[in-house]
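Written below as structure tokens is the structure these notes are about.
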Amino acid sequence: QDPLSGHLFVFANRLRTRIKLLYWDGTGLWVCANRLSKGTFHWPRTDHAQRGALQVLAEELPLLLSGIDLEPSRQRAWWRQAGSARKNRSAC
2 QDPLSGHLFV FANRLRTRIK LLYWDGTGLW VCANRLSKGT FHWPRTDHAQ
52 RGALQVLAEE LPLLLSGIDL EPSRQRAWWR QAGSARKNRS AC
């Protein structure tokens, strides 16, 4: 990925005690860092072919930074019948 694309890049050290975030806002590169005094960040496993690259949703990033293990969790499929939102709104 291109660092100037607007994506947020998150890096962790091998011990998972430090995390750095890189973000290009169009005017400059933001660098944020966090070092834990106790414990480690949980980092999801990746395939060796990906070289440790991991793509996460925007909703998952705060969970990772809070130390929540994402591996046993899964995203539920949300489904709504077309037009059902309009019917529910008219009932209010």
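Counting the sequence shown from 1 gives a position; our numbering is that position plus 1. Idealized CB from N, CA, C, for every residue including glycine.
Report task. Find the nearest neighbour of I69 within the set A59, A78 and P45, judged by alpha-carbon distance. Result -> When each option's Cα is compared against that of I69, the closest is P45.
Report task. Quickly, what does DSSP pair W44 with across the bridge? List them, please. Result -> None; W44 has no bridge partner.
Requested in this report: With L22 as the anchor, note down where its beta strand (DSSP E) starts and where it stops.
Outcome: R19 to W25
**Report entry** L58 in three-state terms, based on DSSP
**Finding:** coil
**Report entry** Same chain, Cβ closer than 6 angstroms to S91, five either side skipped, listed in chain order
**Finding:** For S91, the predicted structure reports a pLDDT of 49, less than 50, and the residue's modelled location is therefore unreliable. A value from the coordinates is still provided. Result list for S91: empty, nothing under 6 angstroms.
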